[in-house]
Each structure stands twice: as C-alpha cells, then as structure tokens.
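Chemist: Be aware that the sequence shown starts at 154, since it is given in this note's numbering, and climbs by one per residue.
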Amino acid sequence: MKVATKEEISQLDKLAVSLGLTSEILMENASSSVFHFIENKIGFNNKFLVFAGPGNNGGDALAVARKLSSHFAKVTVCLVTNKNKFKDLALKNLEILTNYPIEILEYNGVNRVILHELATSTVIIDGIFGVGLNRPIDGKLKELIMEINNSGKSIIAVDIPSGIDANNGQILSVAVKANYTITFGLPKRGFFSYPGNEYVGKLIVSHISYPPQLTDSENINVQIHYVEPMQQRDRNAHKGSLGKALFIAGSDKYFGAPFFNSLSFIKGGGGVSFLATTESVGKVVLASAKEVVLMPMIESENHTVSAKNIQKLVEFSSNVDIVAIGSGLSIDEDTEKLVIETIKNVKKPVIVDGDGLTILSRHLEVLKERNYETILTPHIGEFSRLIMQPRENIEKDRFSYLFEAMKSLNSIIVLKGPNTLIGADGKIYINTSGNPVLATPGSGDILVGLIASQVVRKNNVLDGVILGVYLHGLISDLIQKNYKEGITSSEILENIKVAVKYYEENYEAIKEGFYEGKRNLR
154 MKVATKEEIS QLDKLAVSLG LTSEILMENA SSSVFHFIEN KIGFNNKFLV FAGPGNNGGD
214 ALAVARKLSS HFAKVTVCLV TNKNKFKDLA LKNLEILTNY PIEILEYNGV NRVILHELAT
274 STVIIDGIFG VGLNRPIDGK LKELIMEINN SGKSIIAVDI PSGIDANNGQ ILSVAVKANY
334 TITFGLPKRG FFSYPGNEYV GKLIVSHISY PPQLTDSENI NVQIHYVEPM QQRDRNAHKG
394 SLGKALFIAG SDKYFGAPFF NSLSFIKGGG GVSFLATTES VGKVVLASAK EVVLMPMIES
454 ENHTVSAKNI QKLVEFSSNV DIVAIGSGLS IDEDTEKLVI ETIKNVKKPV IVDGDGLTIL
514 SRHLEVLKER NYETILTPHI GEFSRLIMQP RENIEKDRFS YLFEAMKSLN SIIVLKGPNT
574 LIGADGKIYI NTSGNPVLAT PGSGDILVGL IASQVVRKNN VLDGVILGVY LHGLISDLIQ
634 KNYKEGITSS EILENIKVAV KYYEENYEAI KEGFYEGKRN LR
C-alpha cells in the first residue's frame, strides 16, 4: 500500500475528478467509509457529537452526521466557525442537514453548552481540519481540541486527526488524539512519524473508489510492503542449504552483541552461523550458544578483534552468503582499519551495525566503491552522524532526510525507531510492527541476525531486510499482549520462533490489516 504526502493526495483527487469521479462522489464515498466503520464497530446506540470545519474535511463529517441520523442515531453537530464561512460541498451538506432531526450549534468558545455536549456524548467525530492544515492552531480552536482530548470519549478522526502535519507527523501546537482514524485514498506519511503516530489510534484505510492506477501510482515512492512468508523447507534441506552468515562482533566490553547476532540468525531460520570474535568472548558466548560456530580471532591490545584478521575474514567470507560487522566491536584505530577494509573487500552483502556505523561515518567513500549490497542499521543518533545533520532536524522529517541519504550512501538503510523506515533504490518502505518493548539492550543485535536470516532464506536482499525488520517488531507486539515492561533481549530471542509461526499463519490478515472491514492487528 502506498503512503502519500498531502500534495500527492491533492494530485490524486484532481486525477480522480479528471477520470469522471466528481467531488460529490468522492465525498459520499469518504463519508460512507466512516459511516460503515461506525455501523460495524461502534453501533448506532450512541450519542454522536460531530465537529465540522468549513472545508472538505468538515463536509465529510457533515455527510457522516446525515447518514447516522438517517439510521435514527442521536447526533449533534457543532460548526467550529460561523456557518457563513462554509462553502461548496461543505455548505451543501450543511444545508441538507436542516431536513434532519439534528441540533446544529456554532462554536464561539468553550462554554456551558459545549461542555454539556462533550459530557453527554459517547462518540466524538473530528472533522475540524483536513490534511491541508499547515499552520499552528491557536485561540478558541486550540482550547476546543484540548477539551475534546480531555473528554475521555471515543474519538473518530475523519481522514486525519486535526492538528497533525500530514507530511511529517509534527503537532501543529495541538492535535486531536483519536481512537480511530478513517483515512481516505491513501494513508499519510505523518501517520507513521512521531509524535503523529501517537495520535492516530487504530488506522483504517478506504480508497473511496480511486482507480487502482492512482492508489498504486509509481510516482509515490513511500509504501507499506509485506513480504510473503517463507516457503516450507524442502524435505532434503540441510543446514548449508538454509544459508550461512558470518558475524564479526564483540569485545571485552560487549559479550551480548555477538551472542544475539549469531544465535538470532539460527532462530530466524538461517543455517550455519559463524562468529568471528576474540577467544575470550567466544568462550562466554558458546557457553550459552553451542549451535554457533566459533572463529577465534587475534585479539588487539584493546581486547577486540584485531585488524590482523582482515585477510582471513575476507577469504572466509567467500564461503558464506552474508557478513555482518560492527555489533559490540568497540572503537579504536585498529578496529577502524578492520571495519573499513572488511567492508571494502568482502564480495558479499554486508550488514553494518553499532560501532561499525560510527567508524563508517568517517569513511563514507567506502560505500561508493562497493558493488555488493550494503545494509546499514542506524538508530537516529547513528544516522545523524552518517549524514552529518542535527538529530532534532531529522526527527522532524525522517522521510526527507532518508530520501537524501539514499542518494549518497549507496546502501539499503534501516532507520530504526517508531515505525522503522527502510530506504532502498529511491523508495521508502514503512514498517508497521513494533513497540517500546524493543527498547532494551541487545534488541538491535537481534535485528541484525534476523535480517541476515531472512536475506539468505529469501535469497533477495531487500525482501529479506523488510521481512526481518517486520518480524523483529512482531515479536514485541506479541509479547506486549501480556507484558509491557521488564522484557529482556533473551526473551525477545526466545520468541523469534513464535513470531515466525504467527506470521506464517496470519499473513493475509496482517497484509489486509489497514483496510475497512478487515482485521486490524495494530
């Protein structure tokens, strides 16, 4: 499913109209999608309070009010501005409402009437602002939205929660915090960026009869993509046929990283996991991960993998399908040489993580020289170092900075965070799984092993990355059904097989999860 900017949605609307879909048809379809959601999930035995602005978003909300009233629901409409400011389809829908048993109020500030309606309603419908909002909300409307959020009622946002920047998820001084958002045409980028993603609630998408060539436009370069589950293993499968990975990780300070790297590869379905680390680290790891094949490395003066191992590692890499380097390696001059020369000379896909990213940020020219896929897995701080931009700027618009980074880094970039973004070949793929359960030491090291396992099993680097990232998040979603805090990476590791099985058995439901009438797993 494509994910659009407000400019792309506006263009799609114009194209739809040019194909014969009038604005009236689009608005009726939009309001019908909200109405049918209420019919199926909420029920008419509620008191609905509809807030409507003078634009098309308000027109959608007024049409919803009409449909609800026609089914004998109790509806009150509150116009957030003087009705003289309503025009076009919003005005037309407002005029139609005069034929229905609906009380229509005009909002002039929070008063006893508004507070009474908020207190006595059971469901609030937000049609105040649409995707075109580009200025901070202030004054009486800011006060109103704060009262809506404080009401404790179930809130349904029409297309977008009022106050969210549709492109980057920033809050325009205040925003409606919805329980449900029924969005039209396509989901918006801002739904998958913090803090906007905290305000959307459960997201349902209705294409409102856009032709498929519009909703699947090649001109829209952000999308949600679910990779097909793994095929069952052949009866004659053996560990070698399931893929081999080499992990170069660990130091005397970091014993967990090599453990989680190498073992998560096997638990994710990979065949043979080779761990290149110092002998002292290897002994600790193998005490709990006897399935991993240890490659003892010469140790540097700082007790990490020495650069003296470069030739051995490069030569051995020809025997595996993928190489991962950087997790828990530490940073010094000797390690820097190890990382850069390995990335430069290994003729296989390479995942760079952790300390490897910090080192790589000083030698970005190496990426341009590689003829094999490179996968970078930075969190926001590491990404900031890679592209030499302030963290706070990136957090305000991850999509734009990731598009720019793809042009210069010649890599698949996994930008970790809420709704992890995967950038590859000028396109961005949004991951929809995951939650703060993953905010624990070692979680990122597990992600490296999971990505490696899916890359070798899928025999397709991008599909493997997308699937690995999704499975990593899915583990936390399944855990969160029972536990919110106190989860360790050891528990995440043990639940890999649970997530893989769940994904295989529920793939169709996951894939259709954002569509109206389908099961929404988030």
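Even glycine gets a Cβ: it sits at the ideal position worked out from N, Cα and C.
These numbers were taken from a predicted model, which means no experiment stands behind them.
For V446, which residues from the same chain have a beta carbon less than 8 Å from its beta carbon, with the 5 sequence-adjacent residues on both sides left out?
Modeler: The residues are V425, S426, F427 and L428.
Chemist: Using three-state DSSP, classify E371 as helix, strand or coil.
Modeler: E371: coil per DSSP, three-state reduction.
Chemist: Which residues does DSSP list as the beta-bridge partners of I663?
Modeler: None; I663 has no bridge partner.
Chemist: Sort L491, K465, K501 and D506 by Cα distance to S480 and report the nearest one.
Modeler: Ranking L491, K465, K501 and D506 by Cα distance to S480 puts D506 first.
Chemist: When the Cα of C231 is compared with those of L268, N252 and D241, which residue comes out closest?
Modeler: Cα-wise, what sits closest to C231 is L268.
Chemist: Identify the residues that DSSP records as bridge partners of K580: which are they?
Modeler: Paired residues: A577.
Chemist: Pull up the distance between the alpha-carbon of S404 and that of S394, whole angstroms please.
Modeler: Distance between the alpha carbons of S404 and S394: 30 Å.
Chemist: Could you check the C-alpha separation between P207 and V567 for me, to the nearest Å?
Modeler: In a straight line, the C-alpha of P207 is about 41 Å away from that of V567.
Chemist: Out of curiosity, what's the CA-to-CA distance linking D166 and L244?
Modeler: Roughly 20 Å between the two C-alpha positions.
Chemist: Pull up the distance between the alpha-carbon of E676 and that of K293, whole angstroms please.
Modeler: For residue 676 there is no data in the structure shown, the boundaries of the chain being 154 and 675.
Chemist: What span of residues does the beta strand (DSSP E) with S307 cover, start to end?
Modeler: Where S307 is concerned, the enclosing beta strand (DSSP E) stretches over S307 to V311.
Chemist: Using the three-state DSSP reduction, which class does K654 fall into: helix, strand or coil?
Modeler: Reduced to three states, the DSSP call for K654 is helix.
Chemist: In the DSSP output, what is F204 paired with across the bridge?
Modeler: In the DSSP output, where bridge partners are listed per residue, F204 has C231 and D279.
Chemist: Kindly provide the ranges of any alpha helix (DSSP H) runs that are 4 or more residues long and lie completely inside the region 439 to 521, ordered along the chain.
Modeler: Entirely contained in the region 439 to 521, the alpha helix (DSSP H) runs reaching 4 residues are, in chain order, 463 to 469, 486 to 498 and 508 to 513.
Chemist: DSSP state of R672, grouped into three classes?
Modeler: Only weak support is given to the placement of R672: the predicted model assigns it a pLDDT of 41, under 50, and the value that follows is read from those uncertain coordinates. DSSP places R672 in coil when its eight states are reduced to three.
Chemist: With burial defined as no fewer than 16 other Cβ atoms inside 10 Å of the residue's Cβ, what is the status of L271: buried or exposed?
Modeler: When all chains shown are included, L271 counts as buried.
Chemist: Taking C-alpha atoms, which residue in D213, N321, A218 and M383 lies nearest to I619?
Modeler: Comparing Cα-Cα distances from I619 to each of D213, N321, A218 and M383, the minimum goes to M383.
Chemist: Does the beta-carbon distance from P594 to S561 come in below 8 Å?
Modeler: Not a contact, by the Cβ cut-off of 8 Å.
Chemist: So, do the region 482 to 490 and the region 434 to 452 have three or more beta carbon pairs nearer to each other than 8 Å?
Modeler: Too few Cβ pairs lie closer than 8 Å, so no.
Chemist: Ordered along the chain, which non-local residues of its own chain (more than five positions away) have a Cβ less than 6 Å from that of I565?
Modeler: Excluding positions up to five away in sequence, the list reads I528, A577 and V618.
Chemist: Using a Cβ-based criterion (distance less than 7 Å to any ligand heavy atom), does G602 qualify as near the ligand ATP?
Modeler: The ligand ATP is absent from the structure shown, which contains no ligands of any kind.
Chemist: Give the straight-line distance between the Cα atoms of Q164 and D312, rounded to the nearest whole angstrom.
Modeler: Those two C-alpha atoms are separated by around 16 Å.
Chemist: In three-state terms, what does DSSP make of E259?
Modeler: DSSP places E259 in strand when its eight states are reduced to three.
Chemist: Indicate the three-state DSSP secondary structure (helix, strand or coil) for Y407 in the structure shown.
Modeler: Correct three-state label for Y407: strand.
Chemist: According to the neighbour-count rule (16 or more other Cβ atoms, all chains shown, within 10 Å of its Cβ), is K159 buried or exposed?
Modeler: Buried, by the Cβ-count rule.
Chemist: Need the endpoints of the alpha helix (DSSP H) that S346 sits in, please.
Modeler: Careful: S346 lies outside any alpha helix (DSSP H) and carries neither H nor E.
Chemist: Taking only beta-carbon positions, decide if A272 is within less than 8 Å of chain D.
Modeler: The chain inventory of the structure shown lacks chain D, comprising one protein chain alone.
Chemist: Work out the CA separation of E248 and D241 for me, nearest whole Å.
Modeler: C-alpha separation (whole angstroms): 11 Å.
Chemist: Identify, in the order they occur along the chain, each residue of the same chain with its Cβ nearer than 6 Å to the Cβ of A183, setting aside the five sequence neighbours on each side.
Modeler: Around A183: D213, F337 and I361.
Chemist: Could you spell out where the beta strand (DSSP E) holding T334 opens and where it closes?
Modeler: It spans Y333 to F337 - the beta strand (DSSP E) in which T334 sits, taken as one unbroken run.
Chemist: Can you give me the Cβ contacts of I533 inside the same chain, cut-off strictly under 7 Å, excluding the 5 residues immediately before and after it?
Modeler: Within the same chain, I533 has close Cβ partners R544, I547, E548 and G570.
Chemist: DSSP state of F197, grouped into three classes?
Modeler: F197 falls in the coil class under three-state DSSP.
Chemist: Tell me whether the region 613 to 632 and the region 364 to 381 touch, counting them as touching only if at least three CB pairs, one residue from each stretch, are closer than 8 Å.
Modeler: As far as the Cβ criterion goes, the region 613 to 632 touches the region 364 to 381, which means the pair count is three or higher.
Chemist: Between which residues of its own chain and E444 is the CB-CB distance below 6 Å, once the five residues before and five after are set aside?
Modeler: The answer, listed in chain order, is I419.
Chemist: Where R342 and Y636 are concerned, what is the direct C-alpha to C-alpha distance, given to the nearest angstrom?
Modeler: If I take the Cα positions, the gap works out to 29 Å.
Chemist: Using DSSP's beta-bridge definition, name the partner residues of Q376.
Modeler: In the DSSP output, where bridge partners are listed per residue, Q376 has K155 and Y582.
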